[in-house]
Every structure is written in C-alpha cells, then in structure tokens.
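*Asks:*
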Amino acid sequence: MTFFKNKAKKYYDNNKLEDSLINYKKALDYLLDDTHIHKIKILTNLSIISGKICDWENSLYFSQHAFNIEQTPKVLYRLALSCFNLEQYSDCIEICNHENFDITLKSNLLK
2 MTFFKNKAKK YYDNNKLEDS LINYKKALDY LLDDTHIHKI KILTNLSIIS
52 GKICDWENSL YFSQHAFNIE QTPKVLYRLA LSCFNLEQYS DCIEICNHEN
102 FDITLKSNLL K
C-alpha cells in the first residue's frame, strides 16, 4: 500500500494526475479495513484528484466513502464541493450545515 501511495504522491507533485489517480486506487485496494489510518486520506486524495480533472461524479463517490468512515471537516468540504459542482445545491447546503463543517471552508465554495 505504501509503495503505491508514495508513487501516487510523486505523480501528483509532478502534475501527472491520471497516473496519480491510478496509483491511489491501487493503494486503496490494499486497504480492506475501513479503520485503517490511511484510508480516509487516500479517499480524500482520490476525491481531490477527481475534482481537479473535473470528474465530479467520482469525486463525490470517493468523498462519500470517506464520509461513511468519518465526518472530518476536510471530508465534508470535499463532499460539499463535489455536490456544488454537480449542481446538487440542496445536498451541498445540508453538508455545509453539518456540525463538523468548518465555517472558514464555506467561503472557499463561493470563490
């Protein structure tokens, strides 16, 4: 898992997003347990990269899986951003009203 995660990060740092996406998916395949410490981070990174290539459906898919594990402010932001870009505004508003949503992140959605 670590091998693919590190490889994915290198690709991401070099703006090779498709290669990064492939390697993060491979890293995710090694994590069968939802309680694994790296699972949310990998899911969030997959959501970020999917958003960067304007694949908002997959961005939403990965952020929903992360949300089902833990509702961190970062996960909630990725989820809200995906909903916003898919024009699912009522879902976006609902997520922004979640008790764990960081108010400072709301302004990023409006930029």
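Residue numbering for the sequence shown follows this note's numbering, starting at 2 and increasing by one per position. All C-beta atoms, glycine included, are put in the ideal place defined by N, C-alpha and C.
Considering just the uninterrupted stretch of the alpha helix (DSSP H) at K17, what are its terminal residues?
*Replies:* It is not in any alpha helix (DSSP H) - K17 carries neither H nor E in the DSSP assignment.
*Asks:* Restricting to runs no shorter than 4 residues, where is the alpha helix (DSSP H) found entirely within the segment 32-82?
*Replies:* 40-53, 57-70
*Asks:* Rounded to whole angstroms, how far is the Cβ of F102 from the Cβ of L77, which I believe are closer than 8 Å?
*Replies:* 5 Å
*Asks:* Going by other Cβ atoms of all chains shown within 10 Å of its Cβ, with 16 needed for buried, is T3 buried or exposed?
*Replies:* Exposed, since its Cβ has fewer than 16 Cβ neighbours within 10 Å.
*Asks:* Between P74, N86, I38, I70, which lies nearest to L61 when the distance is taken from Cα to Cα?
*Replies:* N86
*Asks:* In this structure, does DSSP put D103 in helix, strand or coil?
*Replies:* It is coil, neither helix nor strand.
*Asks:* Taking the alpha helix (DSSP H) that E95 belongs to, which residues open and close that run?
*Replies:* 90-97
*Asks:* To the nearest angstrom, how far is it from the Cα of T73 to the Cα of C97?
*Replies:* Straight-line Cα distance between these residues: approximately 12 Å.
*Asks:* Quick one: Cα of H37 to Cα of N7, how far?
*Replies:* 17 Å
*Asks:* Does C84 pass the burial test, meaning 16 or more other C-beta atoms within 10 Å, or should it be called exposed?
*Replies:* buried
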